[in-house]
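As C-alpha cells, the structure follows; a few thoughts come after it.
Number of protein chains: 2
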Amino acid sequence: MERSSDKVTFSVETPLKLSSGIDLAPVTMAYETYGTLNAERTNAVLVCHALTGDQYAASRHPITGKPGWWETIIGPGKPLDTDRYFIICPNVIGGCMGTTGPRETDPATGKPWGIRFPVITIADMVRGQAMLLDHLGIPDLFCAIGGSMGGMQVLQWASDYGDRVFAAAPIATAARHSAQNIAFHEVGRQAIMADPDWHGGEYLAHGTSPQKGLAVARMTAHITYLSEVALHRKFGRNLQDREALSFGFDADFQVESYLRHQGITFVDRFDANSYLYITRAMDYFDLAADHGGVLADAFKGTETRFCVISFTSDWLFPTVESRRIVQALNAVAADVSFVEIETDRGHDAFLLDEPEMFRTLRGFLQSAAEARGL
Amino acid sequence: MERSSDKVTFSVETPLKLSSGIDLAPVTMAYETYGTLNAERTNAVLVCHALTGDQYAASRHPITGKPGWWETIIGPGKPLDTDRYFIICPNVIGGCMGTTGPRETDPATGKPWGIRFPVITIADMVRGQAMLLDHLGIPDLFCAIGGSMGGMQVLQWASDYGDRVFAAAPIATAARHSAQNIAFHEVGRQAIMADPDWHGGEYLAHGTSPQKGLAVARMTAHITYLSEVALHRKFGRNLQDREALSFGFDADFQVESYLRHQGITFVDRFDANSYLYITRAMDYFDLAADHGGVLADAFKGTETRFCVISFTSDWLFPTVESRRIVQALNAVAADVSFVEIETDRGHDAFLLDEPEMFRTLRGFLQSAAEARGL
C-alpha cells in the first residue's frame, strides 16, 4: 500500500482556536496516510487514536520499532482497505509524536511549553484535524473511526462537523467521561506530579524525566484496559521464573512483572506532560454538557450514518455508555447500528484481533461505500 | 460498654513461627477489647481488620480522632452485642498501630525493622492472634468475623484452628487473591517505592516519609473500594467549588478532590512499609494452594458454622469468590449460609450501614449463640 509520513505547520495567521479561548499558533500537525485519495476526494477515512496512541496506526513505530497499533484493521483487503480508502491518522494536539504539544517549543519563550501549554479538549483535537483536512483539500470524510478517546473524537466530529462526516464508527467509547474514569486519570496525574523528576512540569529544562511516576500512571491505567477474566486467564496466580514464593518484594507473580514491563517500556515512547494534557482532555469530555445537557441535541439533524461498537467485558467504557449514545442517536432518528461484542478481553479488545468487530466494520463500510458511490 | 486497650509482648522463648520459616521474636500484639469475657470463657468474638484497618474497631482512633471503623456493628444491642459477647480486635502482625511490624524496633540492630522485616502471610497474622488468645486464656472463639482481608483471616482461622472456631463470618472476601487484585496492589507498592523519600525502606532513619507515593497508592486502592455507580451517584461530573472548568490541573471535579483528600489523610495514620507488607500478605493468600489446590480440603471435617456474605457491586471481591468458598464448604458438608446483598456501594459496603448485613449477622449469631448455650 502507498504510505506517507508528513507534517504541516499552520502559521500565526491561522491559529487553532481552543475551547479555553486561547489562540494557539503556530500549530504543527504530524500525520501518516495510507492508500490513495481518489480524484473525487470522497474516499478519505480519518482514524482517531486513543490516549497513548499516535499517528503510526499502520506504520512501524519510530521509537519502539513495533508494528502500527491498528495494523489488524488497516491494509490491503482489511476492513479499512487501503486499496479502496485513503486513511489519514494524525497525532492529536497535545501529543508527543510531532504534533504541537507540551514537549514542543513555545515560540514566545524559545523553550519547551511544558506545563504552560494550554489545557486542550477533545473539540480542540478535532478542530486541529479539520484544519489538516482543509490543508489536504479534503472537503469531507467518508468515515471517521476510532476507539476509546478516538471514539470521543469521532462523536465530536459528528457533532461539530456533521456535514463533513458521511459515516462514523465510535468504538468502546462514551459521550462523557465517568467519575470512575476521571478518578483513575487523577491517580495517574498525581503519580506523575509526585515524581520529583517532574520539576513542576519543567523536566526538559532540568534534563530529567519523571519516568517512575509515568510508569506508575501507565501501570494503573493498564489494569483498566484489561478485564479481570483476561488477567486471570493470562496470568492467574502463576509465579514468575520461580518455583515458590520468594518472601520478598521482587515480582513473584507473572502479573507483576508484566505490569512492570508495561510501565518501563511506556516511558520510552511517551511524554509525561502529554499524559497530563490528554487525560485532562478526556476528563473534560461531556458532549451533552455542550448542548444544554441533552445528548441528542449534539446530533440534531444529523445525516451521518453511525456504527456503535462496545465489548461485554469492557469496564472502562462499558456497554451502557454506548447505549446512551445509541439512544441519543435514535432520538434524532439517525441511521445507527449498534453491536455489543461478546469478548473477555476488556477495553483493549478494540485493538485486538476481534473477528466480530472486523465483520461488523466491513459490513458497515461496504454499505456506506455503496451509498456514497465509492 | 466495658472497653480496654492493651498490648502483650511474647519473649524470645515463644517466637512467632512465620510461614517463611523465620522465628520472629519478641512479638508484641496490640489489641482492643469490648464487653466482658464470661466465666465459662465461651463468648469471645475475634474481629479481624482489613488492609488499612487497625484494632480501633469501636474505639476513637488515637491519631485521627474518628470513631471506630466498625462502630456500626459493635456495641450494646448491635449485631456484635457487647452486652453479650467479649470482642477482641488485635492489630495484625506487620501493622503500624502497636503490633510488631516494620515500623517497630528490630532488637538485633536497635533500629526500625524497615524493609528487613520478614515478609508475612495471612497465616502468620492468624498465628499471632492464636498466641494472643492463649495469653488471654481463651481456649476457643465463639466467632471469628471480618471483611476483606479480615475475611481472609477468618477463613485461615477456620482452616488452621477449626476446633477453636465455633462460628465464622467471612465477609466480602476470597479464598485467594486474584490477578487483578495483585496488579492493583503492585501499582500501589511501585508508587511507594518510586518515592525518593522511601529511601529503600529506610525512611525512618532518614527522617522522611514517602507520603506522596503512599497517597497515590491509597488513591488507586480507594477507587477499587467503591463501585462505579457509587462514584457516579456521589460525584458524577460535579465541579468542585467552581462554576466552570478551570482549564488547569487543579481538582476541577469533586471526585478528584475527594480522592486527593483520601490520599492526604491516609498518610497521617499509616506506615508506608506496613502497606507494602500487608498488601504482600494478601497477594500471597491462596488457601487452596496450601491444600494441594483443593479448597475443600482446607475445611475437611470442619464443625464450624459459616455465614458467607458478599455484595452485588463489589468488584474487588466479587460474589463469584464467595461462591467458591461456599462450594468448597458444601463439598465437606459444612454448616454454611450464604447471602449476597444487593447494594451499589461496592466493596466498602461491609464497613457501612447495610441493614441486610446487620439482619443476616444478627440471625446467624443468635442461632449460633443458642447452639453454644450462650
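Read top to bottom, the protein sequences are chains A and B.
Here our numbering is used: the first residue of the first sequence is 1, the next is one more, and so on.
Here our numbering is used: the first residue of the second sequence is 1001, the next is one more, and so on.
Yeah, the Cβ is synthetic: ideal placement off N, Cα and C, and Gly gets one too.
Residues that H232 of chain A contacts on chain B, provided the C-beta gap is smaller than 9 Å: S1178, A1179 and Q1180
Near-chain B residues of the segment 222 to 253 of chain A - C-beta to any C-beta below 7 Å: Going along the segment 222 to 253 of chain A in chain order, one finds I223, E228, L231, H232, F235, G236, R237, L245, F247, G248, F249 and F253 with a Cβ nearer than 7 Å to chain B.
Sub-8 Å separation of I87 of chain A and L80 of chain A beta-carbons: Pairing I87 of chain A with L80 of chain A gives a Cβ-Cβ distance under 8 Å.
Ranges of the alpha helix (DSSP H) found wholly within the segment 266 to 342 of chain A, counting only runs of at least 4: 272 to 284 and 319 to 331
Listed by chain order, chain A residues near R1060 of chain B by CB distance under 7 Å: Those do not exist, as R1060 of chain B stays about 30 Å from chain A at its closest Cβ, beyond 7 Å.
Chain B residues whose Cβ lies nearer than 9 Å to that of Y31 of chain A: Neighbours of Y31 of chain A in chain B, taken as residues whose beta carbon is under 9 Å from its own, are absent, since the nearest beta carbon is some 26 Å off.
Span of the beta strand (DSSP E) around S4 of chain A: R3 to F10
7 Å Cβ cut-off: residues of chain B touching T220 of chain A: V1187 and T1220, listed in chain order.
Runs of alpha helix (DSSP H) wholly within the segment 158 to 224 of chain A (minimum 4 residues, chain order): Along the length of the segment 158 to 224 of chain A, whole alpha helix (DSSP H) runs at least 4 residues long occupy 179 to 194 and 203 to 206, reported in chain order.
Interface flag, G213 of chain A vs chain B, CB-CB below 8 Å: yes
Neighbourhood of Y1161 of chain B by C-beta distance below 7 Å, restricted to the same chain and skipping five residues each side: Cβ within range, chain order: A1130.
S1274 of chain B beta carbon less than 8 Å from that of G1147 of chain B: no
Inter-residue spacing [alpha-carbon to alpha-carbon] between S4 of chain A and P90 of chain A: Using only the alpha carbons, I get a separation of about 12 Å.
Strand pairing of E32 of chain A, partner residues [DSSP]: A:S5 and A:C89
Sub-8 Å separation of A281 of chain A and T121 of chain A beta-carbons: yes
Buried/exposed call for P1076 of chain B, threshold 16 Cβ in 10 Å: That one is exposed.
Residues that I1145 of chain B bridges to, as DSSP identifies them: B:V1047 and B:A1169
Interface residues of chain A facing I1280 of chain B [CB-CB closer than 8 Å]: Contrary to the premise, residue 1280 of chain B reads as Arg rather than Ile in this sequence. The contacting residues are F249.
Interface residues of the segment 1007 to 1038 of chain B facing chain A [CB-CB below 9 Å]: Using a CB distance below 9 Å, the part of the segment 1007 to 1038 of chain B facing chain A consists of L1018, S1019, S1020, G1021 and I1022, ordered along the chain.
Contact set between the segment 1283 to 1298 of chain B and chain A, restricted to residues whose Cβ is under 9 Å from the partner: D1283, Y1284, D1286 and A1289
Interface residues of chain A facing D1195 of chain B [CB-CB closer than 8 Å]: In chain order: A194.
DSSP three-state assignment for V119 of chain A, whether helix, strand or coil: coil
DSSP bridge partner residues for D1241 of chain B (one or two, in chain order): D1241 of chain B pairs with nothing; no bridge assigned.
Proximal residues, the segment 1253 to 1273 of chain B versus chain A, C-beta separation under 8 Å: F1253, V1255, E1256, L1259, R1260 and G1263
Coil, strand or helix - T1042 of chain B by DSSP: Judged by DSSP in its simplified three-state form, T1042 of chain B adopts coil rather than helix or strand.
Given H1232 of chain B as reference, the closest of A:P210, A:D314, A:I182 and A:I138 once Cα atoms are compared: A:I182
Any 3 or more C-beta pairs closer than 8 Å across the segment 190 to 205 of chain A and the segment 215 to 228 of chain A: The segment 215 to 228 of chain A and the segment 190 to 205 of chain A touch, with three or more beta-carbon pairs separated by less than 8 Å.
Residue from A:D286, A:D6, A:D83 and A:K7 with nearest C-alpha to L374 of chain A: A:D83
Integer Cβ distance of G1137 of chain B from R1041 of chain B, believed to fall under 8 Å: 7 Å
E340 of chain A beta carbon less than 8 Å from that of T360 of chain A: It is not a contact, given that the beta carbons lie outside the stated cut-off.
Helix, strand or coil at T1360 of chain B according to DSSP, with G and I counted as helix: helix
Collapsed DSSP secondary structure at K1234 of chain B in the structure displayed: helix
With 16 other Cβ atoms within 10 Å as the buried cut-off, status of S1246 of chain B: exposed
CA nearest to the CA of W1070 of chain B, picked from B:M1029, B:D1140, B:N1038 and B:I1145: B:I1145
When B:E1104, B:V1092 and B:I1115 are compared against E1125 of chain B, the one with the closest alpha-carbon: Inspection of the sequence shows that residue 1125 of chain B is occupied by Met rather than by Glu. It is B:V1092.
Given A1158 of chain B as reference, the closest of B:S1367, B:T1343 and B:A1328 once Cα atoms are compared: It is B:A1328.
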